[in-house]
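Colleague: Residue numbers (our numbering), protein chains in the order written: chain A, -15 to 220; chain B, 133 to 374. Pasting a structure below so you can have a look.
Take a look at the structure:
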């Protein structure tokens, strides 16, 4: 990490061009943006969209994924639709949502969810298909309720799949959110980046990127890693 | 009480024309201890799955007790089938219904000498220990019917004997109908009221033989060995199973 910073500093001072600012310029811009409140405001707007669309697509995706994984007929019926939605370009759904529902917040969120949902469904469906039949039989034999089976038998087996969907989901969602904001919102990271692009302000672009990557890293460290550790404590 | 009437005319697996079970008739009196003996792969596990309601794709009838009440079934599978992400104690707690007191867990853990591992995860246990936990789990539900699929395989001899004795003790304290699958004839003689010999493909009953040894004489190796050789002489048609 330090070597990378040193390399960056060296190359940037050597080139001496505004399109490649030095790390300390970026840090200064970052600091100023933080103090002025601009960065926290736009970052917050993006994070809020991220949380809402992530929560919606994960909970819906898990529910639908489990149902499709457990029900062959429904799965066969929806399989083609799933493939279709998996492969529609994000830009197309975003544009269509804005055209059909107007340039409003719910259209933005909806566009993100539509892009992420099929991924979650497919991942969770694979996980559900791989469930241990022996344990399900045991649960049935000992008259586990539906809730008990879900919490104690099914969910722990889906955990690696859910974590996979979470990690790839966060990465995918925030990239899509930027496009959504760029096309039709007047706040958020995407909007800001668009502005900086028009001004050729590379230092600000890098400052915002660093801030966002930092937040995602923090999330991984504070939420995801401990969650992994807690739910895998039974492994040898 | 819970007597069992089995009459399966045909059970085959999808895609296989040859039936696994063909015309099998068997009835158990309430509280009876019956051992099923047969070559491995002859369909004994399939029969237990049908009884447990896990497999319903057969033609025929299975009556468990009276029609009004659903009997509680304890099923000890061939492999322990513990939830690896729950501790030993949680695994047992999960099968109890809300009205049941968890005291039974302590009593059974103590009887099996497994109290000290109750907060371990199953992956840390030996197979023998996991088997004993699975046995505890089946007893904990206070079953009306107990299905056991070779539960003592891979237990070392002293442990197996100890668990067998515990099984008999629990069965005598609170009688329930037991169907016990094994291919160890000596074990079957030491446990059962009645031996049922099964043939392979399709599985059906070859002969049913009552064990005439009194309960208090069952740990006498001589009596068991004597009965075993007597079986060999008197029943030539089950010779391959002995």
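The beta carbon of each residue, even a glycine, is placed where N, CA and C say it ideally should be.
What does the Cβ neighbour count give for residue 94(A), buried or exposed, with the cut at 16 atoms within 10 Å?
Modeller: Classification for residue 94(A): buried.
Colleague: Output needed in chain order: residues of the segment 131 to 146 of chain A with a Cβ under 8 Å from some Cβ in chain B.
Modeller: Cβ contacts with chain B come from 132, 136, 137 and 140.
Colleague: Between the segment 246 to 275 of chain B and chain A, which residues of the former have CB atoms less than 7 Å from a CB of the latter, in chain order?
Modeller: Those residues of the segment 246 to 275 of chain B that come within reach of chain A (Cβ to Cβ, closer than 7 Å) are 253, 255, 256 and 273.
Colleague: Counting along the chain, where does the alpha helix (DSSP H) carrying residue 42(A) start and finish?
Modeller: Per DSSP, residue 42(A) belongs to the alpha helix (DSSP H) from 22 to 54.
Colleague: Could you name the residues that DSSP lists as bridge partners for residue 192(A)?
Modeller: None, per the DSSP bridge assignment.
Colleague: Would you kindly report the start and end of the unbroken beta strand (DSSP E) that includes residue 167(B)?
Modeller: Looking at the DSSP string, the run of the beta strand (DSSP E) that includes residue 167(B) is 165 to 169.
Colleague: Tell me whether residue 244(B) sits in a helix, a strand or coil according to DSSP, three-state version.
Modeller: Three-state DSSP puts residue 244(B) in coil, outside helix and strand.
Colleague: Are residue 343(B) and residue 359(B) closer than 8 Å when you measure CB to CB?
Modeller: Cβ atoms of residue 343(B) and residue 359(B): closer than 8 Å.
Colleague: I want to see whether chain A comes within less than 8 Å of residue 146(B), judged by CB atoms only; does it?
Modeller: No, residue 146(B) does not count as interfacial toward chain A.
Colleague: Considering residue 328(B), what are the terminal residues of the alpha helix (DSSP H) in which it resides?
Modeller: That residue, residue 328(B), is in no alpha helix (DSSP H); its beta strand (DSSP E) goes 326 to 330.
Colleague: Which residues mark the beginning and the end of the beta strand (DSSP E) in which residue 82(B) is found?
Modeller: Since the first residue of chain B shown is 133 and the last is 374, residue 82(B) is not available in this structure.
Colleague: To be precise: take each residue of the segment 110 to 129 of chain A, compare its Cβ to all Cβ atoms of chain B, and keep it if any distance is under 9 Å. Which residues remain?
Modeller: The residues in question are 116, 118, 119, 121, 122, 123, 124, 125, 126, 127 and 128.
Colleague: Check for me: the alpha helix (DSSP H) holding residue 220(B) runs from which residue to which?
Modeller: Counting along the chain, the alpha helix (DSSP H) containing residue 220(B) begins and ends at 220 to 225.
Colleague: Just to confirm the assignment, what range does the alpha helix (DSSP H) spanning residue 98(A) have?
Modeller: Looking at the DSSP string, the run of the alpha helix (DSSP H) that includes residue 98(A) is 89 to 113.
Colleague: If you drop the 5 nearest sequence neighbours on each side, which residues of the same chain put their C-beta closer than 6 Å to that of residue 171(B)?
Modeller: Cβ neighbours of residue 171(B) beyond the five flanking positions: 332.
Colleague: Taking 8 Å as the limit between beta carbons, can you name the residues of its chain near residue 247(B), skipping five residues before and five after?
Modeller: Result list for residue 247(B): 238 and 241, in chain order.
Colleague: Do we get a CB-CB distance below 8 Å when we pair residue 218(A) with the residues of chain B?
Modeller: True, the Cβ-Cβ gap to chain B drops below 8 Å.
Colleague: Is the CB of residue 209(B) under 8 Å away from at least one CB in chain A?
Modeller: True, the Cβ-Cβ gap to chain A drops below 8 Å.
Colleague: Between residue 205(B) and chain A, is any beta-carbon pair separated by less than 8 Å?
Modeller: Residue 205(B) counts as touching chain A.
Colleague: Which word fits residue 340(B), buried or exposed, when buried means at least 16 other C-beta atoms lie within 10 angstroms of its C-beta?
Modeller: So residue 340(B) ends up on the exposed side.
Colleague: Can you name the residues that DSSP bridges to residue 342(B)?
Modeller: Answer is 326(B).
Colleague: Taking only the alpha-carbon atoms, compute the straight-line gap between residue 321(B) and residue 356(B) and give it to the nearest angstrom.
Modeller: Each residue's Cα considered, the two are about 6 Å apart.
Colleague: Are the segment 139 to 151 of chain B and the segment 177 to 193 of chain B touching by the rule of at least three beta carbon pairs closer than 8 Å?
Modeller: Touching, yes, given that three or more Cβ pairs across the two stretches are closer than 8 Å.
Colleague: In this structure, what does DSSP give as the bridge partners for residue 207(B)?
Modeller: The partner list for residue 207(B) (beta bridge, DSSP) reads 279(B).
Colleague: Can you tell me whether residue 207(A) is buried or exposed, with buried defined as 16 or more other CB within 10 angstroms of its CB?
Modeller: Per the 10 Å Cβ criterion, exposed.
Colleague: Mapping the DSSP letters down to three states, classify residue 288(A) as helix, strand or coil.
Modeller: This structure cannot speak to residue 288(A), because chain A is shown only from -15 to 220.
Colleague: Are residue 185(B) and residue 270(B) touching if we call contact CB-CB under 8 Å?
Modeller: No; because the gap between Cβ atoms is not below 8 Å, this pair is not in contact.
Colleague: I'd like the list of long-range same chain contacts for residue 161(B), defined as Cβ closer than 6 Å, with 5 residues on each side in sequence excluded.
Modeller: Cβ neighbours of residue 161(B) beyond the five flanking positions: 135.
Colleague: List the whole-angstrom C-beta distance separating residue 152(A) from residue 97(A), where the pair is believed to meet the contact cut-off of C-beta under 8 Å.
Modeller: So it is not a contact: roughly 15 Å between Cβ atoms.
Colleague: Under 8 Å, Cβ to Cβ, is there at least one residue of chain A near residue 324(B)?
Modeller: Chain A contact via Cβ: absent.
Colleague: For the segment 214 to 238 of chain B, which residues have a beta carbon sitting closer than 7 Å to at least one beta carbon of chain A?
Modeller: If the cut-off is 7 Å between Cβ atoms, the segment 214 to 238 of chain B has 215, 216, 217, 218, 226 and 227 near chain A.
Colleague: Return the residue from the list 5(A), 219(A), 204(A) and -13(A) that minimises the CA-CA distance to residue 184(A).
Modeller: Closest by alpha carbon: 5(A).
Colleague: Does the beta carbon of residue 183(B) come closer than 8 Å to any beta carbon on chain A?
Modeller: Output row for residue 183(B): interface = no.
Colleague: Could you tell me the distance, in whole angstroms, from the CA atom of residue 220(B) to the CA atom of residue 66(A)?
Modeller: Taking the straight line joining both Cα atoms gives about 40 Å.
Colleague: Taking Cβ to Cβ, would you say residue 280(B) is nearer than 8 Å to residue 153(B)?
Modeller: Not a contact, by the Cβ cut-off of 8 Å.
Colleague: Closer than 8 Å by beta-carbon distance: list the chain A residues that pair up with residue 355(B), in chain order.
Modeller: What residue 355(B) touches in chain A: nothing, since even the nearest Cβ is about 36 Å away.
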